[in-house]
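> The numbering used here puts the first residue of the sequence shown at 5, with every later residue one more than the last.
For each residue, glycine too, the CB sits at the ideal point set by N, CA and C.
Structure in structure tokens, see below.
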Amino acid sequence: MMDESMMRACEAVVRVRSEVDKLSAKVCELEKSVLAGKKVEDKEFVVLTELLMVQLLKLDGIEAEGEARAQRKAEVRRVQNLVETLDKLKARNANPFSDSAKSVSVSTEWETFENGVGSLNAPPARFSSTQNDT
5 MMDESMMRAC EAVVRVRSEV DKLSAKVCEL EKSVLAGKKV EDKEFVVLTE
55 LLMVQLLKLD GIEAEGEARA QRKAEVRRVQ NLVETLDKLK ARNANPFSDS
105 AKSVSVSTEW ETFENGVGSL NAPPARFSST QNDT
């Protein structure tokens, strides 16, 4: 049985997934163009990457346990893979005549953060009994 917070988290993940589905379709269109040898403006890659990063930030802000957490993690991996695909397409687009067998693949090691240091969420406030009241 899912409690209310898990249901809210699942719903939030579903909303993000819906947006990522739309962006994924755009990545596929871009991939077809690049693989067909069409020159694509750099702006296309930058905008799509930024839109995917926004979705990644939304996922980062979803507090989830159990099934909701598993769904969130799967969606995070999906977004990260789409960003990596865009990076590879951008490199190929910049140099369409390079021998793809000799190309170097760069992948990103993604790290997830809990609330606090390194996170976009502030750590919980701590009050000290030694603070001076002025």
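#1: When the Cα atoms are used, what is the spatial distance from E69 to K43?
#2: With DSSP as the reference, label A68 as helix, strand or coil.
#3: Who are the Cβ neighbours of E23 in its own chain at under 7 Å, not counting the five residues just before and after it?
#4: Looking at the structure shown, is S9 part of a helix, part of a strand, or coil, going by DSSP?
#5: Give the straight-line distance between the Cα atoms of A3 and R21, rounded to the nearest whole angstrom.
#6: Which same chain residues end up closer than 8 Å to A105 when comparing Cβ atoms and leaving out the 5 residues on each side of it in sequence?
Based on what the coordinates show:
#1: Position 65 of the sequence shown, counting from 1, holds the residue named residue 69. Position 39 of the sequence shown, counting from 1, holds the residue named residue 43. So the alpha carbons of these two residues sit roughly 44 Å apart.
#2: Counting from 1 along the sequence shown, the entry for residue 68 is found at position 64. In this structure, A68 counts as coil in the three-state DSSP scheme.
#3: Along the sequence shown, read from residue 1 onward, the residue named residue 23 stands at position 19. Cβ within range, chain order: Q59.
#4: For this step, residue 9 is matched to residue 5 along the sequence shown. S9 falls in the helix class under three-state DSSP.
#5: Nothing in the structure corresponds to residue 3, since the chain is present only between 5 and 138.
#6: Taking the first residue of the sequence shown as position 1, residue 105 is located at position 101. In this prediction, A105 scores a pLDDT of 45, lower than 50, which makes its location untrustworthy; no coordinate-derived value is stated.
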